[in-house]
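S.K.: According to the UniProt record's numbering, the sequence shown is numbered sequentially starting from 1.
This is the structure I want to talk about, given as structure tokens.
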Amino acid sequence: MSVANKNLKYLRKLRGLTQDEFAGKLNIKRSLLGAYEEGRAEPRLEVLEAVCDLFKLTLDEILRKDLSQNTDNYLARRRALKLSDTSARIPFVPVKAAAGYLNGYADHEFIDELNTFTLPMVSGGNYRAFEIAGDSMLPTPSGSIIVGEKVEALDHVKNNTACIVVSKNDGIVYKRIQRNGKTRNKLMLLSDNPTFQPYSISSEDVLEMWEAQFIISKTNTMQSWNVGQLVNIVADLQQEVAGMKKKMN
1 MSVANKNLKY LRKLRGLTQD EFAGKLNIKR SLLGAYEEGR AEPRLEVLEA VCDLFKLTLD
61 EILRKDLSQN TDNYLARRRA LKLSDTSARI PFVPVKAAAG YLNGYADHEF IDELNTFTLP
121 MVSGGNYRAF EIAGDSMLPT PSGSIIVGEK VEALDHVKNN TACIVVSKND GIVYKRIQRN
181 GKTRNKLMLL SDNPTFQPYS ISSEDVLEMW EAQFIISKTN TMQSWNVGQL VNIVADLQQE
241 VAGMKKKMN
């Protein structure tokens with residue numbers, strides 16, 4: 001078994017991920033990840049590059065160094081942080097700070113000025129919390145706080161994943177992501193509320209993306225669908241389906 005194979009298994013366990021979860025982040029099949037970890041196959045270069053992006057490593061480190069034995073690198077410090085049971089401090093971006101965040105998202109001093117909080121189930125990783133406004137993602141109500149983990153590469157996001165998308169033209173939005181293999185430079189953003197139409201943005205306009213992991217809402221703000229509104233939605237959908245059938249015939 002090569003050093004790279006051993007390191008893949010070590011890194012997965014260090015992050016506390018199952019094979020399914022880690023394979024999803026690497027955009028490969030679980031069975032292929034299992035083959036890598038068991039030494040039945042050598043990891044492809046693009047897979048190793050994705051791992052390096054996730055863990056802030058170089059190819060030389062993952063190919064030549066036994067990371068489990070290295071006591072003086074980022075991974076060792078992260079492991080020590082986990083063992084100390086210190087929860088990650090999560091910067092919080094309220095709606096009123098959204099405009100400033102677009103200019104300061106990459107400024108460490110700006111991020112340091114944001115209020116932070118911790119969650120008992122979150123340790124390690126790169127997390128950020130955003131307050132959302134509006135009804136486009138109902139039944140998640142306006143005012144909810146979405147805790148997201150940083151997406152290091154857009155290609156790693158699976159279709160229909162809920163994410164906070166920070167873009168040049170649309171600011172901060174909470175949507176589900178759809179990618180089209182034929183137009184890799186475009187992302188389709190969908191709302192959970194069907195009264196809002198999906199729309200596309202250029203992947204080049206995306207400044208950051210945070211995959212939703214937790215939703216924090218006040219219990220008295222949870223919203224339910226209005227029966228009349230649901231009737232109208234169903235009627236609109238039926239009309240669209242009828243129109244599609246007519247075109248097909």
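The beta-carbon is built from N, C-alpha and C at its ideal position, and this holds for glycine as well.
Between Y127, K168, Y105, A41, which lies nearest to I215 when the distance is taken from Cα to Cα?
M.R.: Numbered from its first residue, the sequence shown carries residue 215 at position 215. The shortest C-alpha separation from I215 is found at Y127.
S.K.: With the cut-off set at 9 Å, would you say S136 and K175 are in Cβ contact?
M.R.: Counted from its first residue, the sequence shown places residue 136 at position 136. Counted from its first residue, the sequence shown places residue 175 at position 175. Result yes, Cβ atoms of S136 and K175 sit closer than 9 Å.
S.K.: Using 8 Å as the cut-off, can you tell me whether the region 204 to 213 makes contact with the region 152 to 162, which would need three or more C-beta pairs spanning the two stretches below that distance?
M.R.: Output reads yes: the region 152 to 162 touches the region 204 to 213.
S.K.: Please go through the same chain and pick out, in chain order, the residues whose beta-carbon is closer than 6 Å to the beta-carbon of G125, but skip the five residues on each side of it.
M.R.: As a position in the sequence shown, residue 125 is number 125, starting the count at 1. Correct list, in chain order: E149.
S.K.: Across the region 30 to 37 and the region 8 to 16, are there enough close Cβ pairs to call them in contact, namely three or more that are closer than 8 Å?
M.R.: yes
S.K.: Check whether the Cβ atoms of P93 and I201 sit closer than 9 Å, and answer yes or no.
M.R.: The sequence position of residue 93 within the sequence shown is 93, counting from 1. The sequence position of residue 201 within the sequence shown is 201, counting from 1. Rather than Pro, the amino acid found at residue 93 in this sequence is Val. No, Cβ-Cβ distance for V93 and I201 is not below 9 Å.
S.K.: Between the alpha carbons of E42 and N115, how many angstroms are there, rounded?
M.R.: In the sequence shown, residue 42 corresponds to position 42, counting from 1. In the sequence shown, residue 115 corresponds to position 115, counting from 1. Straight-line Cα distance between these residues: approximately 44 Å.
S.K.: Check F196 in the structure and name its three-state DSSP category.
M.R.: Looking up residue 196 in the sequence shown gives position 196. F196 falls in the coil class under three-state DSSP.
S.K.: Find the nearest neighbour of V157 within the set R179, K218, L190, R15, judged by alpha-carbon distance.
M.R.: As a position in the sequence shown, residue 157 is number 157, starting the count at 1. For the residues R179, K218, L190, R15, the minimum Cα distance to V157 belongs to R179.
S.K.: Taking all protein chains shown into account, decide if K25 is buried (16 or more other Cβ within 10 angstroms of its Cβ) or exposed.
M.R.: As a working mapping, residue 25 is identified with position 25 in the sequence shown. Around the beta carbon of K25, 16 or more other beta carbons lie within 10 angstroms, which makes this residue buried.
S.K.: Using only the alpha-carbon positions, how far apart do V3 and L45 sit?
M.R.: Looking up residue 3 in the sequence shown gives position 3. Looking up residue 45 in the sequence shown gives position 45. One C-alpha to the other measures close to 14 Å.
S.K.: Provide the residue span of the beta strand (DSSP E) that contains I164, from first to last.
M.R.: Your numbering for residue 164 matches position 164 in the sequence shown. Unbroken beta strand (DSSP E) run through I164: 161 to 167.
S.K.: 9 Å is my cut-off, CB to CB: does G134 come that close to chain C?
M.R.: This model lacks chain C altogether; it includes just one protein chain.
S.K.: Between L207 and Y105, how many whole angstroms is the CB-CB distance? I'm expecting something under 8 Å.
M.R.: Reading the sequence shown from its first residue, position 207 is the one you call residue 207. Reading the sequence shown from its first residue, position 105 is the one you call residue 105. At roughly 6 Å, the Cβ-Cβ gap stays under 8 Å, so L207 and Y105 are in contact.
S.K.: Assuming the contact rule is C-beta atoms closer than 8 Å, S144 and S191 should be a hit. Round their C-beta distance to whole Å, please.
M.R.: Translated into positions along the sequence shown, residue 144 becomes position 144. Translated into positions along the sequence shown, residue 191 becomes position 191. Contact flag wrong, Cβ pair sits at about 14 Å.
S.K.: Tell me whether A99 is buried or exposed, calling it buried when 16 or more other Cβ atoms sit within 10 Å of its Cβ.
M.R.: In the sequence shown, counting from the first residue as 1, residue 99 sits at position 99. Label assigned to A99: exposed.
S.K.: Apart from the five residues on each side of it in sequence, which residues of its chain come closer than 6 Å, Cβ to Cβ, to S68?
M.R.: Taking the first residue of the sequence shown as position 1, residue 68 is located at position 68. Closer than 6 Å at Cβ, skipping near neighbours: Y10.
S.K.: Alpha carbon to alpha carbon, what distance is there between L32 and S123?
M.R.: Taking the first residue of the sequence shown as 1, we reach residue 123 at position 123. Taking the first residue of the sequence shown as 1, we reach residue 32 at position 32. Rounded to whole angstroms, S123 to L32 spans 27 Å at the Cα level.
S.K.: With distance defined between alpha-carbon atoms, name the residue in L189, F22, A88, L57 nearest to T118.
M.R.: Here residue 118 refers to the residue found at position 118 when the sequence shown is read from its first residue. For the residues L189, F22, A88, L57, the minimum Cα distance to T118 belongs to A88.
S.K.: For my contact list, L48 and I62 are in at a C-beta cut-off of 8 Å; report their separation, rounded to the angstrom.
M.R.: As a first step, residue 48 must be located in the sequence shown, where it is residue number 48. As a first step, residue 62 must be located in the sequence shown, where it is residue number 62. That pair is a contact at about 6 Å.
S.K.: So within the UniProt domain "HTH cro/C1-type" (8 to 62), which uninterrupted alpha helix (DSSP H) runs reach at least 4 residues, ignoring any that extend past its ends?
M.R.: 19 to 26, 30 to 37, 45 to 55
S.K.: Considering Cα atoms alone, identify which of N193, L189, N103, V166 is closest to S142.
M.R.: Position 142 of the sequence shown, counted from the start, is the residue given in the question as residue 142. Among N193, L189, N103, V166, the Cα nearest to that of S142 is on N193.
S.K.: For K218, which of helix, strand or coil comes out of DSSP?
M.R.: For the purposes of this step, residue 218 is identified with residue 218 of the sequence shown, where counting begins at 1. It is coil, neither helix nor strand.
S.K.: Report back the beta-carbon spacing between A133 and V147 to the nearest angstrom; my notes put them in contact at under 8 Å.
M.R.: Reading the sequence shown from its first residue, position 133 is the one you call residue 133. Reading the sequence shown from its first residue, position 147 is the one you call residue 147. About 16 Å separates the two Cβ atoms, so there is no contact after all.
S.K.: Give me whichever residues DSSP pairs with R89 in a beta bridge.
M.R.: Residue mapping note: residue 89 aligns to position 89 of the sequence shown, counting from 1. Per DSSP, none; premise fails for R89.
S.K.: When the Cα atoms are used, what is the spatial distance from Q197 to L189?
M.R.: Start at 1 with the first residue of the sequence shown, and residue 197 comes out as number 197. Start at 1 with the first residue of the sequence shown, and residue 189 comes out as number 189. Near 9 Å, if we compare the C-alpha coordinates of L189 and Q197.
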